[in-house]
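What follows is a single structure, written as structure tokens, with notes after it.
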Amino acid sequence: MRIGEAAAAAGTTPRALRLYEARGLLRPPPRTSSGQREYDSAAVARVRVIRSLLALGLTLEDLRRRAHRLDVLVQDQPSACCAGRPGEFSDVVADRLAALDTEITRLTRLRQGLAAAAGEARCAPGSPAPDEDRRSNPSG
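Here my numbering is used: the first residue of the sequence shown is 62, the next is one more, and so on.
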């Protein structure tokens with residue numbers, strides 16, 4: 062099938078297929094005599110796995126590190142990618158979880174700082190009381 066058909070079958074776009082190919086996640090497909098890409102059902106299944114893993118929070122770089130193992134997941138469920146498979150994806154998943162925890166901590170601190178600053182601004186001398194502020198700006 063051509064790139065548009067393969068992309069539609071995998072629930073993505075032709076641009077994404079080209080990106081996955083450029084990043085080494087998808088093997089370059091054979092070409093027709095006119096140079097168009099021809100995908101088979103195995104390539105579509107691989108793209109579905111890639112999309113599932115991306116939806117779980119892994120990055121293209123995470124997947125690139127294990128591109129040689131993506132075919133294993135075509136038969137298995139991507140959500141079980143590290144269950145009982147030390148060394149398969151568990152290190153990639155552990156790294157991504159650590160990065161997410163770090164980002165959550167950073168964002169939590171940022172939110173607390175912003176909330177504190179917003180609270181201080183409302184209580185600062187000369188600031189309108191919350192009710193007065195709403196009356197002067199009814200939309201928000």
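We put the beta carbon where it would ideally sit given N, CA and C, even for glycine.
Item                                                                                                           : Value
Under 8 Å between C-beta atoms of residue 109 and residue 153                                                  : no
Identified DSSP bridge partners for residue 98                                                                 : 92
Residue 169 to residue 159 span [Cα, whole Å]                                                                  : 15 Å
Buried or exposed by the 16-neighbour rule on C-beta atoms within 10 Å, applied to residue 73                  : buried
Classification of residue 165 by the beta-carbon crowding that lies within 10 angstroms, buried from 16 upward : exposed
Distance CB(residue 86)-CB(residue 111) smaller than 8 Å                                                       : yes
Residue-chain proximity (residue 97, chain D), Cβ-Cβ < 8 Å                                                     : Any reference to chain D falls outside this structure, which holds one protein chain only.
Whole-angstrom distance between residue 99 and residue 93, CA atom to CA atom                                  : 7 Å
Local conformation of residue 107 per DSSP, three classes                                                      : helix
Residue 101 versus residue 157 - alpha carbon distance                                                         : 31 Å
Three-state secondary structure (DSSP) of residue 119                                                          : coil
Contacting residues, own chain, Cβ-Cβ under 7 Å from residue 104 (five flanking each side not counted)         : 67, 87, 90
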